[in-house]
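J.:
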Amino acid sequence: MAIFIDETTTLIVQGITGRDGSFHTRQMLEYGTRVAGGVTPGRGGQTFEREDGPGVPIFDTMEDAVRETGANTSVIYVPPAFAADAIMESAASGVRLIVAITEGIPVLDMMRVHAYVTDHGTRLLGANCPGLLSPGRSKVGILPGQIATPGSVGVVSRSGTLTYEVVYQLTSANVGQSTCVGIGGDPINGTSFIDCLSEFENDPETKAVVMIGEIGGTDEQDAAEWASANMTKPIIGFIAGQTAPPGRRMGHAGAIISGSAGTAAEKIEAFERAGIRVARKPSDVAGLVQQAL
Amino acid sequence: MNIHEYQARDILRAHGVPVPPGEVASTPAEVEAAARGFGGTVVVKAQVHSGGRGKAGGVKLAKTAEEARTHGEAILGMTIKGLVVHKVLVAPAEDIASEAYVGVIVDRGSKRPVFMVSREGGVDIEEVAARDPGAIRRLAVDPRYGLLPFEAYNLACALYDVHAQQRACAKILRQLYSAFVASGASLAEINPLVTTPTGEVKALDAKFNIDDNELFRRTAIADLRDVSAEPSAETTAREAGLTFIKLEGNIGAVVNGAGLAMATMDLIKYYGGEPANFLDIGGSSNPEKVVNALRLITDDPAVKVICFNIFGGITRCDDVANGIVTAMKQIDIDVPLVIRLTGTNEKEALEILGGAGFTATTSMDDVVQRAVEHANGAR
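Heads up: the protein sequence lines correspond to chains A and B, in order.
When we follow our numbering, the leftmost residue of the first sequence carries the number 1, and every step to the right adds one.
When we follow our numbering, the leftmost residue of the second sequence carries the number 294, and every step to the right adds one.
(1) Excluding five sequence neighbours on each side, which residues of the same chain lie with their C-beta closer than 8 Å to the C-beta of S319/B?
(2) Which first and last residues belong to the alpha helix (DSSP H) in which R633/B is found?
(3) So G136/A and V99/A are in contact, right, with Cβ under 8 Å, and what is the actual spacing, rounded?
(4) Mapping the DSSP letters down to three states, classify I373/B as helix, strand or coil.
(5) Suppose only complete runs of 4+ residues qualify. What are the alpha helix (DSSP H) ranges in the region 484-509 of chain B, listed by chain order?
(6) Identify the contact partners of G185/A in chain B, using a Cβ-Cβ distance below 8 Å as the criterion.
(7) Between E666/B and M28/A, what straight-line distance do the alpha-carbon atoms span, to the nearest angstrom?
(8) Quick check: the region 627-644 of chain B against the region 654-669 of chain B, are there 3 or more CB pairs under 8 Å?
(9) Leaving out five residues before and five after R672/B in sequence, what residues of the same chain have Cβ atoms less than 6 Å from its Cβ?
(10) Any C-beta of chain B sitting closer than 8 Å to the C-beta of I268/A?
(11) Between the region 198-214 of chain A and the region 233-240 of chain A, do at least 3 Cβ pairs fall closer than 8 Å?
(12) Using a Cβ cut-off of 8 Å, which residues of the region 523-539 of chain B contact any Cβ in chain D, in chain order?
(13) Please list, in chain order, the chain A residues whose beta carbon lies closer than 7 Å to that of L466/B.
(14) How about N506/B: is its C-beta nearer than 8 Å to some C-beta of chain A?
(15) For the candidate residues D425/B, E541/B, P490/B and D400/B, whose alpha-carbon lies nearest to that of A595/B?
(16) Strictly below 7 Å CB to CB, what residues from chain A border D249/B?
(17) Does the Cβ of L293/A have 16 or more other Cβ atoms within 10 Å, making it buried, or fewer, making it exposed?
(18) Which residues, taken in chain order from the region 146-164 of chain A, show a beta carbon closer than 8 Å to some beta carbon of chain B?
(19) Rounded to whole angstroms, what is the Cα-Cα separation between S479/B and G575/B?
(20) Would the region 422-442 of chain B and the region 143-161 of chain A be scored as touching if the rule is three or more Cβ pairs under 8 Å?
(21) Is the beta carbon of R50/A closer than 8 Å to that of R26/A?
(22) At least one CB of chain B closer than 8 Å to the CB of S93/A: is that the case?
(23) How would you list, in chain order, the residues of chain B whose beta-carbon sits under 9 Å from the beta-carbon of E214/A?
(24) When you compare the CB of S198/A with every CB in chain B, is at least one pair closer than 8 Å?
(25) Exposed or buried, which one is H114/A when buried takes at least 16 other CB atoms within 10 Å?
(26) What do you reckon, are the CB atoms on L572/B and A554/B nearer than 8 Å?
(27) Does the CB of I607/B have a neighbour CB from chain A at under 8 Å?
(28) Would you call the region 356-374 of chain B in contact with the region 394-405 of chain B, where contact means no fewer than 3 C-beta pairs closer than 8 Å?
(29) Comparing alpha-carbon positions, which option in G217/A, F4/A, E199/A and A261/A lies nearest L133/A?
(30) Could you round the C-beta distance between L354/B and V336/B to whole angstroms and report it? I think they count as a contact, below 8 Å.
(31) I want to know whether the region 60-70 of chain A touches the region 6-16 of chain A - three or more CB-CB distances under 8 Å.
(32) Could you run through the region 90-121 of chain A and flag, in chain order, every residue whose CB is less than 7 Å away from some CB of chain B?
(33) Please state whether DSSP places M347/A in a helix, a strand or coil.
(34) Using the beta-carbon count (16 or more within 10 Å), is N602/B buried or exposed?
(35) My parser needs the alpha helix (DSSP H) runs of 4 or more residues fully inside the region 301-345 of chain B; what are they?
Written out as structure tokens, the structure is:
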């Protein structure tokens, strides 16, 4: 078991012929992800070629792609101006999970998208996220596959490269992962910490969870409160931005301390109150996980 | 992106919101001329991207045009929270019977635009929220339908007891919502929304924050950016596709990814150092970005050491290594570089760096500890 993606995941890549889309399609195929097709309007009927295996069929629309392949998941690499429409097109096509990698989608678009995908009962991960990885089974997005190894620790994070750092350190310490999920750094995103914690709690293979947060908003505090009431599995936390000044956006659109709200200190306190052990630095995470297991 | 009060007032006016007249001035002579044009008492207000302008002495009343000029001389060129005032707004002073707050903000929790209104205007809404949360009425808007007439009226009734004012306010709230959507804002507020002794409802001061992700499709809004109102290093960084924030310390940091960049700053502090900046070179692979990043950091005379922390994913380590080697040829860098590279094309990167006489580690803790040693040893 794992959460959200596994061997049964069949994937459509939206924007498969673009620079990022084509590069990461190859990476995912190499990892063993079942890429059933791609979508690029105007390129329907063509094939996405690869050197070491059969090509991937390209379709004009998500509707065609899902009808022809029966895929249950899509990943989006299209530019920000078209990404909101691509997400809604995917939801309408009937896939179960949409992973939106695109960075820079306007927040007003994402609010409409959120309402739309909710009505369709589709799970959206992101946008502006690195995707997810169930080691040894499937990888959807841009996480580097070689840093992860199969095991029983679930990882959920708002960050990209900081997630790689923590996963790499876990793997170096021989602590394998069930699924690593990057929920993304935008203020409005489809899947929350709580959604992931809930899935990890119900996943028999996951024995402990690592939750990596950052400054801005109250998602970590809400997750901590939820976890103290609903989680039986141990959680190890880390919060980035302890030295960030208030009022300055730290790269991610969501990473900003406004007034006294959203500080790292506030989040660390919420974690500790909920019984979540907090690592002082990324290299302490693996040790705390080993203690908890 | 931040815009100035006078620009926010223009946006509101364009959407029909009653906003009193005002003129922008950038010299004391222009302040005097504007004040003379209005006649009577005027207010001179600093136009900077910062709250607390009044407390800092950036907002003054003037009874005469001469007095307005004197205030203009004092305010133009003054520094408020590190930002130099280049422009002031000159507007006739209004007679005020009451002050309210109305605002709409992107709410992460409900994933909707949320209106906040309060009878307590003219003060920071965060202060009201902290002191008396019950004094703020909230309403989450369905972004598919926008602010419905009855919703606007309900909010207006929470602010005013006189029917004509309720009607006027409801209209203003719907106009504010249109302005919020049309300008791609993440926050739009009128504070204060005032009533005059004759019962009119007017927007006196306004604040908009624009979602940076909207700028590509709203060129008229993007053109409102006032580069002179931003720290120049941050403008240079933005134009080079980097995210840069200047801090007070002496350890320059070059990192890929916002979360890892913050974690690197934290780790510098953990080992007893002080970061000189937040710098995210982003996800794309481009050696030129590294050159620009090094230029920005070496412009800061406080920097004693530069610390690279790169976890290759989309970013390729060899591109970063090439950027470092190119930068060393183009810029005079007289502080040590400590480098951590791991991930995509790490081996190629180490060869490139080795050929240029650099060493690199694969551990984040190692590189930060070495940076702190350099910074503290050089003190």
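For glycine and all other residues, C-beta sits at the position ideal for the given N, C-alpha and C.
T.: The relevant details are as follows:
(1) The residues are L369, H379, K380 and V381.
(2) From DSSP, R633/B is part of no alpha helix (DSSP H) but of the beta strand (DSSP E) over L630 to G636.
(3) At roughly 19 Å, the Cβ-Cβ gap does not stay under 8 Å, so G136/A and V99/A are not in contact.
(4) Assignment of I373/B by DSSP, reduced to helix, strand and coil, places it in the strand class.
(5) Counting only runs of 4 or more, we get nothing.
(6) Think of a sphere of 8 Å around the beta carbon of G185/A: the chain B residues whose beta carbon falls inside it are A551 and G552, in chain order.
(7) Approximately 41 Å between the Cα atoms of the pair.
(8) The region 627-644 of chain B vs the region 654-669 of chain B: in contact.
(9) Unreliable positioning characterises R672/B in this predicted model, as indicated by a pLDDT of 47, which lies under 50. The coordinate reading is nonetheless provided below. Same-chain partners within the cutoff: there are none.
(10) Any Cβ of chain B closer than 8 Å to the Cβ of I268/A would place that residue at the interface, and such an atom is absent.
(11) Yes: the two stretches touch, three or more of their Cβ pairs being nearer than 8 Å.
(12) Included in the structure are the protein chains A and B, with no chain D among them.
(13) The CB of L466/B never comes closer than 7 Å to any CB in chain A; the least such distance is about 18 Å.
(14) Yes, N506/B lies at the interface with chain A (some Cβ there is under 8 Å from its Cβ).
(15) Considering only alpha carbons, the answer is E541/B.
(16) Only positions 294 to 672 of chain B appear in the structure, and residue 249/B is not among them; the question remains open.
(17) By the Cβ-count criterion, L293/A is exposed, with fewer than 16 other Cβ atoms from all chains shown falling within 10 Å of its own Cβ.
(18) Within the region 146-164 of chain A, the residues whose Cβ lies closer than 8 Å to some Cβ of chain B are I147, S157, R158, S159, G160, T161, L162, T163 and Y164, listed in chain order.
(19) Each residue's alpha carbon lies about 23 Å from the other.
(20) Too few Cβ pairs lie closer than 8 Å, so no.
(21) Cβ atoms of R26/A and R50/A: closer than 8 Å.
(22) Not an interface residue.
(23) Chain B residues near E214/A: A551, G552, M555 and A556.
(24) So, not an interface residue.
(25) Counting Cβ neighbours within 10 Å, H114/A comes out buried, since at least 16 surround it.
(26) Closer than 8 Å, so yes.
(27) Yes, contact with chain A.
(28) Contact check between the region 356-374 of chain B and the region 394-405 of chain B: fewer than three CB pairs, one atom from each, fall below 8 Å, which does not count as touching.
(29) Among G217/A, F4/A, E199/A and A261/A, the Cα nearest to that of L133/A belongs to F4/A.
(30) About 6 Å separates the CB atoms of L354/B and V336/B; that is less than 8 Å, so the two are in contact.
(31) Touching, yes, given that three or more Cβ pairs across the two stretches are closer than 8 Å.
(32) Going along the region 90-121 of chain A in chain order, one finds G104, I105, P106, V107, L108, M111, R112, H114 and A115 with a Cβ nearer than 7 Å to chain B.
(33) Past the boundaries of the shown model lies residue 347/A; chain A is included only from 1 to 293, so the question cannot be answered.
(34) It is buried - the Cβ of N602/B has at least 16 other Cβ atoms within 10 Å.
(35) Segments of the alpha helix (DSSP H) lying fully in the region 301-345 of chain B: 321-331.
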